[in-house]
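For the sequence shown, the UniProt record's numbering begins at 1 and goes up steadily by one. All C-beta atoms in this analysis are idealised placements derived from N, C-alpha and C, irrespective of residue type, glycine included. Treat the numbers as computed from the prediction; the structure is a model and nothing was measured. Written below as structure tokens is the structure these notes are about.
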Amino acid sequence: MLDIIIKNIGSIVTAHGNAPLYGKQQGKIKVYNNASIGIKNGIIEYVGDSIKEKARKTFNANGALVTSGLIDCHTHFVYGGSREDERYNIIIDHMSYSDIIKSGYGILSTVRDTRNQTENSLYKKSIPILDKMLQYGTTTVEGKSGYGLTVKDEIKILKVMKKLNDNHKIDIVSTFMGGHVVPDEYKNDRASYINLICNEMIPKISKLGIAEFCDVFCENCGLDMEETDRVLDTAKSYNLGIKVHSDQLETSGGSYLAARFNAISAEHLIMSDDRSIDVIKNQDVIAVLLPNASFYLNMPYARARYMIDKGVPIALATDYNPGSSPSFNMQFIMKLAYIIYRLKPEEILNAVTINAACAINRGKEIGSIEVGKKADIIVWNCNNLNFLLYSMDNNLCRMVFKSGELVYHN
1 MLDIIIKNIG SIVTAHGNAP LYGKQQGKIK VYNNASIGIK NGIIEYVGDS IKEKARKTFN
61 ANGALVTSGL IDCHTHFVYG GSREDERYNI IIDHMSYSDI IKSGYGILST VRDTRNQTEN
121 SLYKKSIPIL DKMLQYGTTT VEGKSGYGLT VKDEIKILKV MKKLNDNHKI DIVSTFMGGH
181 VVPDEYKNDR ASYINLICNE MIPKISKLGI AEFCDVFCEN CGLDMEETDR VLDTAKSYNL
241 GIKVHSDQLE TSGGSYLAAR FNAISAEHLI MSDDRSIDVI KNQDVIAVLL PNASFYLNMP
301 YARARYMIDK GVPIALATDY NPGSSPSFNM QFIMKLAYII YRLKPEEILN AVTINAACAI
361 NRGKEIGSIE VGKKADIIVW NCNNLNFLLY SMDNNLCRMV FKSGELVYHN
């Protein structure tokens with residue numbers, strides 16, 4: 001007997017396979033009309049026509065659209081404080097994001113607020129954020145540290161994420177990002193901070209097993225190429241997967257380091273030139289694009305259409321953080337990609353499911369509605385993919401299943 005059957009599905013629209021999709025394949029999807037899904041032990045057991053087998057629970061989709069759960073593969077969701085005053089500086093005073101960081105605010109403001117929070121207070125603050133993510137259809141989220149910038153505080157953030165992963169319905173993939181910016185106390189001795197990352201932070205975090213990836217903000221206001229190179233080299237020696245924040249504010253060279261270290265992903269890529277894009281394409285690096293950061297900061301947008309046409313697999317994510325992208329709404333990200341990037345609905349769906357899954361090394365487990373994968377499923381309040389991207393309603397999720405459990409019902 002099955003645990004759950006979702007019946008009377010108008011159409012299941014899903015990615016397929018375990019690997020990232022690129023080029024023309026990024027626009028390919030599989031469609032099942034008038035379908036059902038069978039679930040047992042949190043795993044998809046059946047996808048296709050109506051099921052004769054019985055189940056303990058049956059849910060009626062009433063002709064709705066069904067997709068895989070959304071995967072937010074780039075966030076900074078554990079933090080202290082908020083930065084609404086900085087928003088005023090950007091809009092009214094016309095300060096650039098880089099100028100705000102260099103003036104000691106921005107990221108560094110959140111660092112000060114996060115250092116002042118206990119592990120327990122950060123944990124409690126993060127729970128309603130994750131609850132909301134689930135309600136909006138995000139069933140797996142990647143989270144980065146980088147708001148501590150001391151050994152103690154970076155470990156504190158990563159421990160919070162581990163505890164949340166152990167106790168919350170949503171799955172969390174943790175990334176160490178001590179190489180976010182150089183903290184105030186090291187601004188006149190950058191080399192000592194890089195030594196701290198490489199000689200203390202990474203070894204201790206690796207020993208504790210609380211991070212799967214290492215990311216670095218390779219920008220003029222973050223770490224330069226030489227500093228980034230050293231941090232990534234150390235991370236790789238400790239078997240951490242590699243990610244690189246690159247080309248958000250200028251063509252920083254981070255894409256070349258992403259390629260050199262066989263990074264799983266390069267993120268932002270707003271200012272990437274043709275050569276940078278060619279380099280990540282040639283090394284099969286996934287481009288994680290973050291349109292809300294461009295929207296919120298009134299900055300240029302990454303060349304998503306060009307990247308797809310060149311054969312670069314792209315994923316989409318929120319970049320949720322308290323400064324440059326204070327939104328965890330993946331549905332809004334999909335609409336931005338439709339309106340601003342002019343991506344096809346099928347390309348967008350693959351970017352927030354299978355390609356996002358592969359950007360966190362989860363392509364074999366999630367990212368598509370296929371037998372053997374986790375039953376992370378959304379039943380939408382619409383009956384086709386075009387309407388999902390057309391409608392500007394706040395939340396179109398009707399039902400969200402996480403590992404076969406109904407976690408949200410509107």
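When DSSP states are grouped into helix, strand and coil, Glu267 belongs to the strand group. Annotated three-state conformation of Lys243 is strand, per DSSP. DSSP, read as helix, strand or coil, puts Asp319 in coil. Measuring C-alpha to C-alpha distances from Asp72 to each of Val244, Met392, Asn188, Gly143 identifies Gly143 as the nearest. In this structure, Leu385 lies near Leu349, with their beta-carbon atoms less than 8 Å apart. Between Asn62 and Gln331, the alpha-carbon positions lie close to 22 Å from each other. Membership of Gly254 in the alpha helix (DSSP H) is indicated by the continuous run 254 to 260. Positions of the beta strand (DSSP E) runs, each at least 3 residues long and wholly inside the region 54 to 138, are given as 55 to 60, 65 to 68, 70 to 72 in order along the chain. The region 133 to 143 and the region 380 to 399 touch, with three or more beta-carbon pairs separated by less than 8 Å. Contact fails between the region 52 to 68 and the region 333 to 341, because fewer than three Cβ pairs, one in each stretch, are under 8 Å apart.
From the listed residues Val141, Phe77, Thr58, Asp85, the smallest Cα separation to Leu316 is found for Val141. Taking all protein chains shown into account, Ser237 has fewer than 16 neighbouring C-beta atoms within 10 Å of its C-beta and is therefore exposed. Annotation: the continuous beta strand (DSSP E) that includes Glu45 extends over 43 to 48. A distance below 6 Å between beta-carbons, with the five flanking residues on each side excluded, links Asp171 to the following residues of its chain, in chain order: Thr140.
For Ser272, the secondary structure class from DSSP, reduced to helix, strand or coil, is coil. In the three-state reduction of the DSSP assignment, Ser368 falls in the coil class, being assigned neither a helical nor a strand state. Among the bridge pairs identified by DSSP, Met399 is matched with Val379, His409.
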